[in-house]
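The block underneath contains the structure these notes are about, expressed in structure tokens.
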Amino acid sequence: MALVVLALIAALICFWLMSQPWRQARRRSSLRRRAFPAPWRAILRRTVPQIARLPADLQLRLKRDMQVFLAEKRFIGCAGQAITDEVRVTIAALACLPLLGRTRGYYPKLHTVLVYPGAFIVDRVRNQGPLQMQQRQVLSGESWGEGQVVLSWDDVLRDASQPGLGHNVAVHEFAHQLDQVKGVANGAPWLGGRARQARWATVMQRSFDLLRARLASGEPDPLGDYAATEPAEFFAVASERFFGQPWALAQAHPMLYAELRRFYEVDPMLWS
Numbered sequence: 001m002a003l004v005v006l007a008l009i010a011a012l013i014c015f016w017l018m019s020q021p022w023r024q025a026r027r028r029s030s031l032r033r034r035a036f037p038a039p040w041r042a043i044l045r046r047t048v049p050q051i052a053r054l055p056a057d058l059q060l061r062l063k064r065d066m067q068v069f070l071a072e073k074r075f076i077g078c079a080g081q082a083i084t085d086e087v088r089v090t091i092a093a094l095a096c097l098p099l100l101g102r103t104r105g106y107y108p109k110l111h112t113v114l115v116y117p118g119a120f121i122v123d124r125v126r127n128q129g130p131l132q133m134q135q136r137q138v139l140s141g142e143s144w145g146e147g148q149v150v151l152s153w154d155d156v157l158r159d160a161s162q163p164g165l166g167h168n169v170a171v172h173e174f175a176h177q178l179d180q181v182k183g184v185a186n187g188a189p190w191l192g193g194r195a196r197q198a199r200w201a202t203v204m205q206r207s208f209d210l211l212r213a214r215l216a217s218g219e220p221d222p223l224g225d226y227a228a229t230e231p232a233e234f235f236a237v238a239s240e241r242f243f244g245q246p247w248a249l250a251q252a253h254p255m256l257y258a259e260l261r262r263f264y265e266v267d268p269m270l271w272s
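Oh and the sequence shown: position 149 is 149 in my numbering, straight run, nothing missing.
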């Protein structure tokens, strides 16, 4: 009798585990069918004016994605920051912008968004040969591989209100999350095949080298200095410009823009 009970329990556990993807898809489908709350629409009009320029079908998709994102991710205020609907809806809209053209699983590793009122300080220990050095950084955003994104609310609001400047700390950090799905962020998110990965690596390296050459010679480049620090930051900054300054990025780096268009499966030049 005891063996029968144990076998039944094991079967139920297996069924529960195997049915998780189905149950998740059903729950998300239900969330996406809900009416988008009118107060949230007002928040979007006020804080993320870029959304109004999207085609109607993409606006609808964005709002549906936001409802899933807001139901699945936890928001925590830090240093006295209150988590209001304005905070949650604004960040969710910017987080879902890179998801518009392609189903990616709503940042599967992400579970928490930490929000500070302004720039925050991070202390780190860095090894330099046999020495350990304490380094203090003032940041507006950060993406952690353990499933957290950290954002400065002041910076999120400022960037969202001026999309044409091309800076967007939220898009930047959520691009890192896309990069971190496969593990450590290195500027090469998983693309699903060796041929695509090889083309991505070639385009990114050429564009990265071009940026560094321009900076070394004093030429302007819409990507700026920070994108030249390492491949992971290059991808994140390029993603900011892709959604915020698509025409400038396409003119300066046509191959890079085309590769990002294939990756995100949208063309922001059609919205601008």
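C-beta: ideal position from N, C-alpha, C; glycine also. It should be emphasised that the depicted structure is a prediction, and the values quoted were computed from it without experimental measurement.
Under 8 Å between C-beta atoms of residue i and residue j
{"i": "PHE120", "j": "ASN168", "result": "no"}
{"i": "LEU31", "j": "GLN67", "result": "yes"}
{"i": "LEU114", "j": "GLN177", "result": "no"}
{"i": "VAL203", "j": "LEU256", "result": "yes"}
{"i": "ALA53", "j": "TRP200", "result": "In the sequence on display, residue 53 carries Arg and not Ala. Not closer than 8 Å, so no."}
{"i": "SER140", "j": "GLN180", "result": "no"}
{"i": "PRO222", "j": "GLY166", "result": "yes"}
{"i": "ILE76", "j": "THR112", "result": "yes"}
{"i": "LEU260", "j": "ALA238", "result": "yes"}
Residue i versus residue j: straight-line alpha-carbon distance, rounded
{"i": "ALA228", "j": "PHE208", "result": "7 Å"}
{"i": "TYR264", "j": "LEU97", "result": "9 Å"}
{"i": "VAL266", "j": "GLY80", "result": "37 Å"}
{"i": "ILE91", "j": "ASN186", "result": "24 Å"}
{"i": "LYS63", "j": "GLY218", "result": "42 Å"}
{"i": "GLY118", "j": "GLU240", "result": "20 Å"}
{"i": "PHE174", "j": "LEU215", "result": "26 Å"}
{"i": "CYS78", "j": "VAL87", "result": "13 Å"}
{"i": "GLN251", "j": "TYR116", "result": "35 Å"}
{"i": "ALA94", "j": "ASP65", "result": "The question names Ala, but residue 94 in the sequence shown is Leu. Rounded to whole angstroms, LEU94 to ASP65 spans 11 Å at the Cα level."}
{"i": "MET269", "j": "PHE69", "result": "26 Å"}
{"i": "ILE51", "j": "ARG23", "result": "30 Å"}
{"i": "PRO246", "j": "ALA38", "result": "30 Å"}
{"i": "PRO49", "j": "GLN162", "result": "8 Å"}
{"i": "PRO189", "j": "ALA198", "result": "12 Å"}
{"i": "VAL122", "j": "THR103", "result": "33 Å"}
{"i": "ARG26", "j": "GLY193", "result": "28 Å"}
{"i": "ASP57", "j": "GLU230", "result": "36 Å"}
{"i": "ALA213", "j": "GLY224", "result": "12 Å"}
{"i": "ILE43", "j": "PHE235", "result": "29 Å"}
{"i": "PHE36", "j": "LEU249", "result": "33 Å"}
{"i": "TYR226", "j": "GLU233", "result": "7 Å"}
{"i": "ARG34", "j": "ARG206", "result": "45 Å"}
{"i": "ILE83", "j": "ALA160", "result": "17 Å"}
{"i": "PHE15", "j": "ALA258", "result": "Caution is warranted here: a pLDDT of 43 is assigned to PHE15, below 50, making its placement in the model unreliable, and no coordinate value can be reported."}
{"i": "ARG74", "j": "GLY145", "result": "16 Å"}
{"i": "HIS253", "j": "ASP155", "result": "26 Å"}
{"i": "ARG28", "j": "LEU191", "result": "24 Å"}
{"i": "GLU72", "j": "VAL89", "result": "13 Å"}
{"i": "TYR106", "j": "ARG262", "result": "19 Å"}
{"i": "ALA195", "j": "PRO108", "result": "24 Å"}
Any non-hydrogen atom of the ligand HEM closer than 7 Å to residue i Cβ
{"i": "ARG28", "result": "This structure lacks the ligand HEM; in fact it carries no ligand of any kind."}
Whole-angstrom C-beta distance between residue j and residue i, which should lie under 8 Å
{"i": "LEU100", "j": "ARG61", "result": "6 Å"}
{"i": "TRP40", "j": "ASP85", "result": "7 Å"}
message = Count Cβ pairs between the region 141-154 and the region 170-181 that sit closer than 8 Å; are there 3 or more?
response = Result yes; three or more Cβ-Cβ pairs closer than 8 Å.
query = Quick one: complete beta strand (DSSP E) runs, 3+ long, within the region 148-189?
reply = Within the region 148-189, the complete beta strand (DSSP E) segments of 3 residues or longer fall at 148-152, listed in chain order.
query = Taking the runs of the beta strand (DSSP E) that are 3 residues or longer, which of them lie wholly in the region 32-85?
reply = 74-77
message = Please give me, in chain order, every unbroken run of the alpha helix (DSSP H) with length at least 4 that falls completely inside the region 180-258.
response = 194-217, 231-244 and 246-252
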